[in-house]
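Each residue of the sequence shown is one higher than the one before, counting from 0 in numbering that gives the first Met the number 0. Glycine residues also receive a C-beta, built at the ideal position from the N, C-alpha and C atoms. Heads up: the structure comes next, in structure tokens.
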Amino acid sequence: MPTTSHAQPDWVAEAIFYQIFPERFANGDPSNDPPGVAPWEDLPSRKNFFGGDLQGILERLDYLQELGANALYLNPIFDSPSNHKYDTRDYFTVDPAFGDKALLKELVDELHRREMRVILDGVFNHCGKQFAPFQDLVLNGAASKYKDWFQVRAFPVTEKPLSYMTCGGAPFLPKFNHRNPEVRQFLLKVARYWVEETGIDGWRLDVPFKVPFDFWRESRSTLRAVRPDLYLVGEVWREPAPWVSGGDIFDGVTNYALRDLLLDYAHTRFLDAEDFAFETGQLAARLGAAESGMLNLLGSHDTPRILSLLRGDLALLRILCTYLFTTPGAPLIYYGDEVGMLGENDPDCRRPMVWDSARWNPQVVEMYRQLIDLRRAHPALRRGVRRTLLTFNGVFAYKMSLEADEVIVILNPREALLQVRLETGSRRAVWREAGSGREYLTSEGEIALEVVPARSALVLVPVG
């Protein structure tokens, strides 16, 4: 069993995360813009800049708080030549185009004043090729004191052919040698520094599967000694259980496994309701208590925008979002999804945030706000236990319960189903559909629905 020091931070179960790609969210200080910034309305490329910064985030906190987000996840903010900042040049410096350490501290302090949290992106598998130790290696070859910081097959260091290990074969992302104690101590120093200096609430760790497990165990032990309630979440695309089941690596991971199941149920229809209930149940069983620490998402900076993936289908979006906000784990909103932004895969999914409300999709805006309000109003949706009530072809009904609080959710991405009876397992006499306000009376513990409409998501809450 995990020790007390390995317990998940309690605040994560209450969190609604909002992911910000800092270069594209808001430009609060044009004086620090990189040369040649593109107009905010232009389309992104892999190389252009738009001038987003930390000041822009600070100035938009009222918007985020009104939305209902109470935790931020920021993509990398440290000194780097790229717009995405995954090629770190200096781990101890905020990128000058974003601000500086004092501004980051001001942002963190203001978030905490508002009872909001923030986690940063930690890129500890690799650095950028402008990182000083790697430049020393390129210059001095086998004589460099940093020779063992990286994985080099032959000297001199060359890009064509690649003579050193990289992340994903990208020459601009040299991979660290994590077997070297000096490298480990350097990276642990970086992770500890930003917690101690600015008070951040956690780290999202990039491509952790490329790094030895024992490094992450050491990292957890080191960081928890500094901050017992620090949230550590790994970027994991496949099976999450190995990263969380032991309680000694991460508190949660980016739940792409759940995203895949959701898309296969509601979008591709590879799974019917029975399959979906089984697969999500198996996933929850493998996660155990760690399920509440998962970061549940529909999209990110590495995927197409969810509304683009669904080809603008708002009915399917409602089904996916309803599940996201009514299941254990912290929901993550990728910036702009809440107003209906579009975009194909990287770089198109990294368009600048749309701040002109006339260009927002009002149906999407209202849907997100309703679901966020619903989750915040019901502890059962944040900390409850799920029980399946019905699976029939496309229809999946389940109940979330926590002590006296109960919520019933009915999802149907397929054709309408007539004359549906749900055994609620509750003594509640009257239930109200959260969207329409329609009320349903129970009879002998059952709710009778004349129809579960095609491509619908219904949420029933008890009356009284």
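- Does the count of Cβ pairs from the region 212 to 230 and the region 243 to 251 closer than 8 Å reach three? yes
- Item | Which of helix, strand or coil DSSP assigns to H111 | helix
- Name the residue from T302, E217, A289 whose alpha carbon lies nearest to the alpha carbon of R258. Closest by C-alpha distance to R258, out of T302, E217, A289, is T302.
- Flag this pair as yes or no: are the beta carbons of A376 and V406 separated by less than 7 Å? Using a Cβ distance threshold of 7 Å, A376 and V406 do not count as a contacting pair.
- Message: So, at 7 Å on beta carbons, what are the nonlocal neighbours of Y334 in its own chain, with the 5 sequence-adjacent residues on each side left out?
- Response: Y17, Q18, I19, F20, F24, M352
- Which runs of the beta strand (DSSP E) spanning at least 3 residues fall entirely within the region 236 to 308, listed in chain order? 294 to 296
- Message: Restricting to Cα atoms, I'd like to know which of E414, K100, L306, E278 is closest to W498.
- Response: Here the chain has residues from 0 to 463 only, and residue 498 is not among them.
- What's the call for V243, buried or exposed, on a 16-neighbour Cβ count within 10 Å? buried
- Item | Whether L71 touches V117 by CB criterion (7 Å) | yes
- Message: Quick test of your reading: S218 and L187, contact by CB under 8 Å. State the CB separation rounded to the nearest angstrom.
- Response: 6 Å
- Helix, strand or coil: which one does DSSP assign to A12? helix
- Message: Less than 6 Å between C-beta atoms, sequence neighbours within five positions excluded: which residues of the same chain meet that for S4?
- Response: Bear in mind that a pLDDT of 42 at S4, under 50, signals an unreliable position, so the model cannot answer this.
- Thinking C-beta only, is V137 closer than 7 Å to V156? yes
- Item | DSSP-derived helix/strand/coil call for P1 | Note on P1: pLDDT 35, under 50, position unreliable in the model; no value is reported.
- Message: Would D52 and F97 be called neighbours here (beta carbons separated by less than 7 Å)?
- Response: yes
- Query: Are G233 and P207 close, meaning C-beta to C-beta below 7 Å?
  - Reply: yes
- Message: Quick check: what's the CA-CA separation for L319 versus F154?
- Response: 51 Å
- Helix, strand or coil at R59 [DSSP, three-state]: For R59, the secondary structure class from DSSP, reduced to helix, strand or coil, is coil.
- Rounded C-alpha distance that separates E58 from G424: 47 Å
- Query: If R385 sits next to Y397, beta carbons under 8 Å apart, how far is it from one beta carbon to the other, in whole angstroms?
  - Reply: 5 Å
- Where S356 falls, given that 16 or more other Cβ within 10 Å makes a residue buried: exposed
- Pull up the CB-CB distance for C348 and R310, whole angstroms please, since I reckon it's below 8 Å. The Cβ separation is near 15 Å, so there is no contact.
- Query: Looking at C-alpha atoms only, which residue of N69, A142, K84, E181 is the closest neighbour of M115?
  - Reply: Measuring from the Cα of M115, the nearest candidate turns out to be N69.
- CB-CB length for V363 against L313, believed under 8 Å: 7 Å
- Go ahead and label A453 buried or exposed: buried means 16 or more other beta carbons lie within 10 angstroms of its beta carbon, across all protein chains shown. exposed
- Query: So R191 and F214 are in contact, right, with Cβ under 8 Å, and what is the actual spacing, rounded?
  - Reply: Going by Cβ atoms, the distance from R191 to F214 rounds to 14 Å, so no, they are not a contact pair.
- Item | Whole-Å CB distance - D78 paired with T87, under 8 Å assumed | Rounded to whole angstroms, the Cβ separation of D78 and T87 is 7 Å, and the two are in contact under 8 Å.
- Would you mind reading off the limits of the alpha helix (DSSP H) that contains Y192? 180 to 197
- Quick one: grab the DSSP three-state call for Q418. strand
- Item | Buried versus exposed, by CB contacts within 10 Å (16 or more), P170 | exposed
- Neighbour-count burial assignment, E445, 16 or more Cβ in a 10 Å radius: Result: exposed.
- Between F395 and the rest of its own chain, which residues show a CB-CB distance below 7 Å, the 5 nearest in sequence each way excluded? A272, F275, A276, L410
- Query: How far does the alpha helix (DSSP H) with S44 in it reach, from first residue to last?
  - Reply: Element bounds for S44: n/a, residue is neither H nor E.
- Item | Contact between the region 123 to 143 and the region 173 to 180 (3+ Cβ pairs under 8 Å) | yes
- Residue environment, A101, which counts as buried when at least 16 other CB atoms sit within 10 Å: Exposed, since its Cβ has fewer than 16 Cβ neighbours within 10 Å.
- Message: For T2, which residues in the same chain have their Cβ closer than 6 Å to its Cβ, ignoring the five residues on either side in sequence?
- Response: Reliability of the predicted coordinates at T2 is poor, the pLDDT of 37 falling under 50, and the value obtained from them is presented with this limitation in mind. Correct list: empty, nothing qualifies.
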